[in-house]
Structure formats: structure tokens, C-alpha cells
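Protein chains in written order, with the numbering used here: chain A, 4 to 168; chain B, 4 to 168. Reviewing the structure listed below.
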DNA sequence: GTGAATGCAAAAAGTTTGCAGGAAC
DNA sequence: GTTCCTGCAAACTTTTTGCATTCAC
């Protein structure tokens, strides 16, 4: 564990510096929270978690940093239709992360869905080549959303409070 | 053209009636606009277009109807990160529509992207079976979003005003 | 005629912005 | 020391809601 950094060594330091941005306590705390979280967090959830690490921060810094990171491509922003945006780190220390979600159309629950297999990669690579030809659009990443019914709702428990998307 | 209905015959009448909802002028106008539009429209864009057909309507009816239709599964709601939701008919008279988009991370432009080919269908069907097994989640539809650079931004024109996903 | 749906206006919620003080370099 | 970043509070925008009226059935 080089220089006392846990969990993979704060790989984002270099990314910020290289892009010419300052490495502030606030930004470090936000990235640390995102890096530790398994899935999609809302701005307020991030705010609350950041508060434990760095209590001085305000919500607007969270928003400003998240926008910065989104523009840098370090973070992806999602909207699952519940009126607040969700954020997810684009990658971990080990490399690209996947961004596929199952969204229950009945209760609104969102499940993070890991990788599939090599076939998926191959087909998507093929599709992305086709997009480049047809639209002259260079794809850098993709995300798939599956709509349907989660296990609970399929079994008739039906907490029903979904709002769509 | 049965009973004087143009463009496919307002197939949605039955869908509303069957679900026990009243067929109002406002709802009909909204569905008509969505049916005629090629891609994703914001609530306000729909409002403006509806105004031409049915000038009495207000924005809140648009929102209420769009939520109803989204819950019914007739409409999909999207968010491309510009602060307003977009709506797209889930299907046309001819059947299921695809919901794949190219989102430019530089200028924010969104391009509707049609079907690919049979391979895609086959693979997604396979993936959806896997999701049923692994998560006990019954997939009913899917949407793919590709992020990248559009033709203009690739060529350095760069109007840059994107806000994320 | 009855209950659901609408229209208007007001409220709510999330997100953005201005500006002065503070922190990173 | 200089410049960028933050924190607070106020502003903004989109979306939601209450209630009386209107319309579909």
C-alpha cells in the first residue's frame, strides 16, 4: 500500500492533476465516496457520506464537483425517473466499469447489473463500428437499461411507486 | 383509412379504453403529437405542438398525461442531462419501437439510432434470459445509450455545451 | 347525472449561480 | 502571492399539487 493510501491508492489524483485541476479536500472526499460505493448514488447521498469524511462541505460543491467529473468522463450521471440524478464512477482502479441497470417499472427499484460475457463485448464493438460508419459518431462508452419487473413485484408484493423512465 | 383516421388509425384509443381511462381531447392530442414525432420531445415541446391541435390545454395536463402513459408503458421517459425529461412513444402502429440513442459528450446533441440487426436481437434475448435466472427480473424492454463524439465535434467545430448524461 | 380529468395558480424539489472568503499551488 | 475553489444563500427551472370547474361516459 504505497504512501498509506488504502483501497487501491487514490488513482484519481493523477487524473485531476493531469487535467489541470486542483486536488482539494472536498474533491478527494467525493471521489473517495464514489470509489467506495458499489452503485449509483444521488447528490444528497453523496453529500451525507462526504460529510463523515469532510464535514465542512456544502451541497453546491458536491454538484459542482460532480459536474466537473462528469465532463471529464470520470463519472456517469443517470436519471431513473425519481426526480434526482444518480452518479457512478466511470471506472475503478482496475479499469472500466459497466453501467447496466435493471429498472423495475412497478416499484422503481434499480439493480446494478454486472458484465455479461464476451459475446456482448464483441457484438457491441461491432455495433459501435457500424455507428461510426452510419452516423460518423465515435462511441466511447455505452450503457444499457433493462425495464421490467423485479422479483418482489413479480411475486405480487407490489409496493408500486414507480415513476417511469 | 378506416373511419377517417389518418396515419394508422389512432390505435391508442383501445389501449386507453381497455385500461379504463377516459379518452379526452387532451390525451388524444398528446398521443397524436407523440405518434407523429420522430424522436424524443420535452414536455414543453409537446405542449407547444399540442397547442396547435387543442389550444385549451395547459402544461400540467401534459405532465399528468405523460406520467399516466409512462406508467401504462405506452411512453418512455428519458433524461439526457439537460435538465428536462424527454418522452417517446414506446411503439407505433406497426409495433415496438427501438430506443437507442447516441449522446455527444461534447455538445450534448442526441441522435436517435434505429435498429441494428438480428444479431442484436438474439444476443439481447439471451442476455435477458440470463437476467431472469440471475436476478429473477423479468425484462420487458431495453434501451441502449451510446456516449461519444458526434460528427461535428469530431471535426473540431465543438459548440461544447454538454451537461452530462 | 356522476366521477374522472382538466386548468389555473401556487408550491415543491432539485439544481445552479453570485460573491466574498479560504485553500492549493 | 496568485488563482482557483468553496461555502452560503438566493435564484432558477422544471415538475407536482390543490381545488373548483368541465367533460366523458
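From the three backbone atoms N, C-alpha and C, an ideal C-beta is built for every residue, glycine too.
Neighbour list for residue i in chain B, Cβ cutoff strictly below 8 Å
i                      : result
residue 65 of chain A  : Correct list: empty, because the minimum Cβ distance to chain B is about 14 Å.
residue 116 of chain A : 134, 138
residue 76 of chain A  : 108
Straight-line Cα distance separating residue j from residue i
i                      : j                      : result
residue 106 of chain A : residue 142 of chain B : 9 Å
residue 21 of chain B  : residue 72 of chain A  : 47 Å
residue 118 of chain A : residue 140 of chain B : 16 Å
residue 66 of chain A  : residue 33 of chain A  : 10 Å
residue 92 of chain A  : residue 81 of chain A  : 11 Å
residue 89 of chain B  : residue 61 of chain B  : 18 Å
residue 78 of chain B  : residue 102 of chain A : 23 Å
residue 123 of chain B : residue 123 of chain A : 9 Å
residue 110 of chain B : residue 83 of chain B  : 12 Å
residue 129 of chain A : residue 157 of chain B : 20 Å
residue 69 of chain B  : residue 23 of chain A  : 44 Å
residue 99 of chain A  : residue 17 of chain B  : 46 Å
residue 19 of chain A  : residue 132 of chain A : 30 Å
residue 125 of chain B : residue 75 of chain A  : 35 Å
Where residue i sits in the DSSP three-state scheme
i                      : result
residue 82 of chain A  : strand
residue 125 of chain A : helix
residue 108 of chain B : coil
residue 43 of chain A  : coil
residue 90 of chain A  : strand
residue 97 of chain B  : coil
residue 164 of chain A : Bear in mind that a pLDDT of 48 at residue 164 of chain A, under 50, signals an unreliable position, so the number given afterwards is only what the model happens to contain. It is coil, neither helix nor strand.
residue 102 of chain A : coil
residue 120 of chain A : coil
Partner residues on chain A for residue i, Cβ-Cβ distance less than 9 Å
i                     : result
residue 54 of chain B : Ordered by position in chain A, no residue passes the 9 Å Cβ test against residue 54 of chain B, which lies about 24 Å from the chain.
residue 27 of chain B : Near residue 27 of chain B there are no residues of chain A at all, since even the closest Cβ is about 20 Å away, more than 9 Å.
Enclosing alpha helix (DSSP H) for residue i [first to last residue]
i                      : result
residue 115 of chain A : From DSSP, residue 115 of chain A is part of no alpha helix (DSSP H) but of the beta strand (DSSP E) over 113-116.
residue 145 of chain B : Where residue 145 of chain B is concerned, there is no enclosing alpha helix (DSSP H), although the beta strand (DSSP E) it sits in stretches over 141-152.
residue 16 of chain B  : 15-21
residue 72 of chain A  : 62-75
Interface partners of residue i on chain B, CB under 9 Å
i                      : result
residue 142 of chain A : 105, 149, 150, 151, 152
Chain A residues whose Cβ lies nearer than 8 Å to that of residue i
i                      : result
residue 123 of chain B : 126, 130
residue 174 of chain B : Beyond the ends of chain B as shown, which are 4 and 168, falls residue 174 of chain B; an answer cannot be given.
Chain A contact residues for residue i, given Cβ-Cβ distances below 7 Å
i                     : result
residue 98 of chain B : None at all; the shortest Cβ gap to chain A is about 17 Å.
residue 43 of chain B : By Cβ distance, chain A contributes nothing, its closest Cβ being about 12 Å from residue 43 of chain B, past 7 Å.
Chain B contact residues for residue i, given Cβ-Cβ distances below 7 Å
i                     : result
residue 82 of chain A : 82
residue 87 of chain A : Per Cβ cutoff of 7 Å: no residues; residue 87 of chain A is ~11 Å from chain B at best.
Open item on the list: Using 8 Å as the cut-off, can you tell me whether the stretch 54-66 of chain A makes contact with the stretch 13-32 of chain A, which would need three or more C-beta pairs spanning the two stretches below that distance?
Closed with: Contact holds: three or more Cβ-Cβ distances are below 8 Å.
Task: Contact the stretch 151-159 of chain B vs the stretch 94-114 of chain B: 3+ CB pairs below 8 Å - done: By the Cβ criterion, the stretch 151-159 of chain B is in contact with the stretch 94-114 of chain B, since at least three pairs of Cβ atoms, one from each stretch, lie closer than 8 Å.
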